[in-house]
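*Asks:* Quick one: this structure, given as C-alpha coordinates, is what I'll be asking you about.
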Amino acid sequence: MFDVSDNLYLIQWAEGRELRREKTILKQQDLFRRAKEVVSLEIQVLICGAISYPLERTLAAAGVRVIGFTCGALEEVIGAFFNGSLTQPCFRMPGWTPREKGTGGCHRVRRNRGRRKWEITERG
(Lines of atoms letter the chains of each structure in order from A; the text may use other names.)
(Lines give C-alpha, C1' and ligand atoms only; values in the text may rest on other atoms or scores of the structure.)
Protein backbone atom coordinates (compact mmCIF):
# COMPACT_ATOMS: atom_id res chain seq x y z
CA MET A 28 0.00 0.00 0.00
CA PHE A 29 1.48 3.32 -1.08
CA ASP A 30 0.37 4.99 2.17
CA VAL A 31 3.02 3.04 4.10
CA SER A 32 5.55 2.15 1.41
CA ASP A 33 9.10 3.39 1.92
CA ASN A 34 10.50 3.10 -1.60
CA LEU A 35 9.70 5.26 -4.59
CA TYR A 36 11.26 5.06 -8.05
CA LEU A 37 11.55 8.45 -9.73
CA ILE A 38 11.69 8.20 -13.50
CA GLN A 39 12.29 11.21 -15.68
CA TRP A 40 11.09 10.85 -19.24
CA ALA A 41 10.69 12.90 -22.38
CA GLU A 42 9.07 12.06 -25.69
CA GLY A 43 7.99 8.64 -24.44
CA ARG A 44 11.37 7.40 -23.29
CA GLU A 45 13.17 7.14 -20.01
CA LEU A 46 15.98 9.62 -19.41
CA ARG A 47 16.90 8.93 -15.79
CA ARG A 48 15.85 6.72 -12.89
CA GLU A 49 16.56 6.93 -9.19
CA LYS A 50 15.20 5.25 -6.09
CA THR A 51 14.29 7.40 -3.12
CA ILE A 52 13.08 6.64 0.38
CA LEU A 53 9.87 8.30 1.54
CA LYS A 54 10.22 9.53 5.10
CA GLN A 55 6.75 10.80 5.96
CA GLN A 56 4.15 8.39 7.32
CA ASP A 57 1.36 10.87 8.07
CA LEU A 58 -1.03 10.95 5.11
CA PHE A 59 -0.93 14.68 4.46
CA ARG A 60 2.80 15.01 5.10
CA ARG A 61 3.37 12.12 2.71
CA ALA A 62 1.31 13.89 0.06
CA LYS A 63 3.34 17.06 0.61
CA GLU A 64 6.58 15.04 0.32
CA VAL A 65 5.44 13.50 -2.98
CA VAL A 66 4.39 16.89 -4.36
CA SER A 67 7.75 18.39 -3.32
CA LEU A 68 9.46 15.81 -5.56
CA GLU A 69 7.62 17.40 -8.53
CA ILE A 70 5.99 14.12 -9.49
CA GLN A 71 3.51 14.42 -12.35
CA VAL A 72 2.32 10.80 -12.47
CA LEU A 73 2.28 8.32 -9.59
CA ILE A 74 1.82 4.65 -10.52
CA CYS A 75 1.30 2.47 -7.48
CA GLY A 76 -0.45 -0.56 -6.08
CA ALA A 77 -3.07 0.01 -3.41
CA ILE A 78 -3.55 3.59 -2.20
CA SER A 79 -6.10 4.97 0.22
CA TYR A 80 -8.84 7.14 -1.20
CA PRO A 81 -7.91 10.16 0.97
CA LEU A 82 -4.26 10.08 -0.14
CA GLU A 83 -5.24 9.53 -3.78
CA ARG A 84 -7.63 12.51 -3.70
CA THR A 85 -5.10 14.73 -1.88
CA LEU A 86 -2.43 14.00 -4.48
CA ALA A 87 -4.87 14.50 -7.35
CA ALA A 88 -5.96 17.85 -5.89
CA ALA A 89 -2.28 18.87 -5.85
CA GLY A 90 -1.97 18.07 -9.56
CA VAL A 91 -0.48 14.57 -9.37
CA ARG A 92 -2.09 12.07 -11.75
CA VAL A 93 -2.56 8.90 -9.68
CA ILE A 94 -2.74 5.53 -11.43
CA GLY A 95 -3.48 3.31 -8.48
CA PHE A 96 -4.20 -0.37 -8.03
CA THR A 97 -1.59 -1.35 -10.59
CA CYS A 98 0.27 -4.65 -10.42
CA GLY A 99 3.03 -6.34 -12.36
CA ALA A 100 6.79 -6.44 -12.63
CA LEU A 101 8.36 -2.99 -12.43
CA GLU A 102 9.88 -3.03 -15.91
CA GLU A 103 6.65 -4.33 -17.48
CA VAL A 104 4.58 -1.63 -15.77
CA ILE A 105 6.99 1.10 -16.87
CA GLY A 106 6.98 -0.23 -20.44
CA ALA A 107 3.19 -0.42 -20.46
CA PHE A 108 2.95 3.16 -19.25
CA PHE A 109 5.25 4.40 -22.00
CA ASN A 110 3.50 2.47 -24.78
CA GLY A 111 -0.02 3.29 -23.57
CA SER A 112 -1.07 -0.22 -22.57
CA LEU A 113 -1.15 0.22 -18.78
CA THR A 114 -4.96 0.06 -18.86
CA GLN A 115 -4.88 -3.62 -19.87
CA PRO A 116 -6.53 -5.89 -17.28
CA CYS A 117 -3.27 -7.75 -16.60
CA PHE A 118 -1.94 -4.60 -14.88
CA ARG A 119 -4.98 -4.09 -12.63
CA MET A 120 -5.10 -5.50 -9.11
CA PRO A 121 -7.78 -8.19 -8.82
CA GLY A 122 -11.15 -6.74 -7.84
CA TRP A 123 -10.26 -3.16 -8.69
CA THR A 124 -11.39 -1.21 -11.74
CA PRO A 125 -10.67 2.38 -12.73
CA ARG A 126 -13.36 4.77 -11.59
CA GLU A 127 -12.26 7.47 -14.00
CA LYS A 128 -9.46 7.70 -16.49
CA GLY A 129 -6.09 7.77 -14.77
CA THR A 130 -7.22 6.92 -11.26
CA GLY A 131 -7.80 3.85 -9.20
CA GLY A 132 -11.22 3.02 -7.95
CA CYS A 133 -13.26 0.33 -6.40
CA HIS A 134 -16.54 -1.31 -7.00
CA ARG A 135 -17.17 -3.24 -3.85
CA VAL A 136 -19.84 -5.77 -3.17
CA ARG A 137 -21.49 -5.72 0.21
CA ARG A 138 -24.35 -7.62 1.67
CA ASN A 139 -27.41 -5.69 2.73
CA ARG A 140 -27.78 -7.25 6.18
CA GLY A 141 -31.52 -6.96 6.68
CA ARG A 142 -32.69 -8.12 3.26
CA ARG A 143 -30.03 -10.66 2.26
CA LYS A 144 -29.43 -8.81 -0.99
CA TRP A 145 -26.14 -7.92 -2.52
CA GLU A 146 -25.49 -4.49 -3.92
CA ILE A 147 -22.61 -3.02 -5.82
CA THR A 148 -21.53 0.41 -4.70
CA GLU A 149 -18.87 2.70 -6.03
CA ARG A 150 -16.43 3.95 -3.44
CA GLY A 151 -16.38 7.70 -2.93
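Residue numbers for the sequence shown follow our numbering, so the first one is 28 and each next one is one higher. In this text, a Cβ means the ideal position worked out from N, Cα and C, and glycines have one as well.
Inspect the CB distances between the stretch 33-49 and the stretch 78-86 and report whether three or more fall short of 8 Å.
*Replies:* no
*Asks:* Can you grab the Cα-Cα spacing for the pair E83 / A107, in whole Å?
*Replies:* One C-alpha to the other measures close to 21 Å.
*Asks:* Within a Cβ cutoff of 6 Å, which residues of the same chain sit near M120, ignoring the five residues on either side of it in sequence?
*Replies:* F96, C98, listed in sequence order.
*Asks:* So is L73 buried or exposed if we call it buried at 16+ other beta carbons inside 10 Å?
*Replies:* buried
*Asks:* Near D33, what residues of its chain come up, given a Cβ to Cβ distance below 8 Å and the 5 sequence neighbours on each side ignored?
*Replies:* I52, L53
*Asks:* For L35, does the three-state DSSP call read helix, strand or coil?
*Replies:* Note: L35 maps to strand in three-state DSSP.
*Asks:* Need the endpoints of the beta strand (DSSP E) that L73 sits in, please.
*Replies:* 72-74
*Asks:* Between which two residues does the beta strand (DSSP E) harbouring E49 extend?
*Replies:* 44-52
*Asks:* Once DSSP output is grouped into helix, strand and coil, what is the label at A41?
*Replies:* DSSP places A41 in strand when its eight states are reduced to three.
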